[in-house]
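Shown next as structure tokens:
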């Protein structure tokens, strides 16, 4: 079952612009994570936000979490062509034994 | 360098044949996972293991089997019972945290692309 649903499915922006991706989920979670995947490659962990946190930053990344709405957003500021990739949210349920991934947002940053 | 290695990178399977995908990690992680990814889609969990000699079915375990005889290794066998095995297979590992205490995410391998010929 897919716990997370990303929105939009695809996003195309110009270099220097900000990119915002959203994720919604259905059940209670311990944490929510964001991953990046370049075409044909494995996933790379970007950031983890716990259920008792509302916002987290890492470099040009800003993640928010609203547990009342069961949603999260990932903001990439001052995007670069090298940010072109698919971005996935993943949730760890309260049992804590596994992650469930959404279907991803394909981000294209045009130079 | 510590990491997780999947092999082979590309694999071709004939109808009715079993094939085994290798996953090895030297990160000293207790937990390991196998995911399947179909084109343009997210990841679906096949099997996972929290500790040596123990593993659990994920959401799409039918037609697959695993073993966890060593901490470092978690091979996945795609059996002939899996009717649509063509996909990208990803192995991951993680530190085993108590529920609610995770500080780190998963480390993924670079994947094996399996094609039925």
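Chains as they are written, first to last, in the working numbering: chain A, 454 to 564; chain B, 896 to 1012. All residues carry an ideal CB built from backbone N, CA and C; glycine is no exception.
Please report the straight-line C-alpha distance between residue 525/A and residue 921/B, rounded to a whole angstrom.
In this structure, the alpha-carbon of residue 525/A lies about 32 Å from that of residue 921/B.
According to a CB-to-CB cut-off of less than 7 Å, which residues of the segment 508-526 of chain A neighbour chain B?
Along the segment 508-526 of chain A, there is no position whose C-beta sits under 7 Å from a C-beta of chain B.
Counted within 10 angstroms of its Cβ, other Cβ atoms place residue 495/A as buried (16 or more) or exposed
For residue 495/A, the number of other beta carbons within 10 angstroms of its own is at least 16, and it is reported as buried.
Kindly give me the distance between the Cβ atoms of residue 945/B and residue 550/A, rounded to whole angstroms, as I take these residues to be in contact under 8 Å.
Right, the Cβ-Cβ distance comes to about 6 Å (below 8 Å), so this counts as a contact.
DSSP three-state call for residue 925/B: helix, strand or coil?
Here DSSP, grouped into helix, strand and coil, assigns residue 925/B to coil.
For residue 536/A, three-class secondary structure by DSSP:
Residue state for residue 536/A is assigned as helix, using DSSP reduced to three classes.
Run of the beta strand (DSSP E) containing residue 952/B, from where it starts to where it stops
For residue 952/B, the enclosing beta strand (DSSP E) has its first and last residue at 949-952.
Roughly how many angstroms lie between the CA atoms of residue 968/B and residue 926/B, to the nearest whole one?
Per the coordinates, the alpha-carbon of residue 968/B lies some 10 Å from the alpha-carbon of residue 926/B.
Sufficient close CB pairs (3 or more, under 8 Å) joining the segment 547-564 of chain A to the segment 924-940 of chain B:
Under the Cβ criterion (8 Å, minimum of three pairs), the segment 547-564 of chain A counts as touching the segment 924-940 of chain B.
Euclidean distance between Cα positions of residue 902/B and residue 521/A
Pairing residue 902/B with residue 521/A, the inter-Cα distance amounts to about 42 Å.
Listed from N- to C-terminal order along the chain, which residues in the segment 927-948 of chain B have their beta-carbon within a distance smaller than 9 Å of any beta-carbon of chain A?
Hits within the stretch, in order: 928, 930, 932, 935, 936, 937, 938, 939, 940, 943 and 945.
DSSP puts residue 546/A in a beta bridge; with which residues?
Its beta-bridge partners are 482/A.
Proximal residues, the segment 459-486 of chain A versus chain E, C-beta separation under 7 Å:
Structure shown: chain E not included; protein chains present are A and B.
CB of residue 1000/B within 9 Å of CB of residue 547/A, strictly
No, the pair does not count as a contact, with Cβ atoms beyond the cut-off.
Within this structure, are the beta carbons of residue 980/B and residue 1004/B separated by less than 9 Å?
Taking 9 Å as the Cβ cut-off, residue 980/B and residue 1004/B do not qualify as a contacting pair.
Suppose the cutoff is 8 Å on Cβ atoms and the five residues either side in sequence are ignored; what does the same chain contact list for residue 955/B look like?
Same-chain partners within the cutoff: 931, 939, 940 and 941.
Looking at the C-beta of residue 975/B, does it have a partner C-beta in chain A at a distance below 9 Å?
Any Cβ of chain A closer than 9 Å to the Cβ of residue 975/B would place that residue at the interface, and such an atom is absent.
With a cut-off of 8 Å on the beta carbons, I'd call residue 538/A and residue 469/A a contact; round off their distance for me.
With a beta-carbon spacing of about 17 Å, residue 538/A and residue 469/A fall beyond the 8 Å limit used to define contacts.
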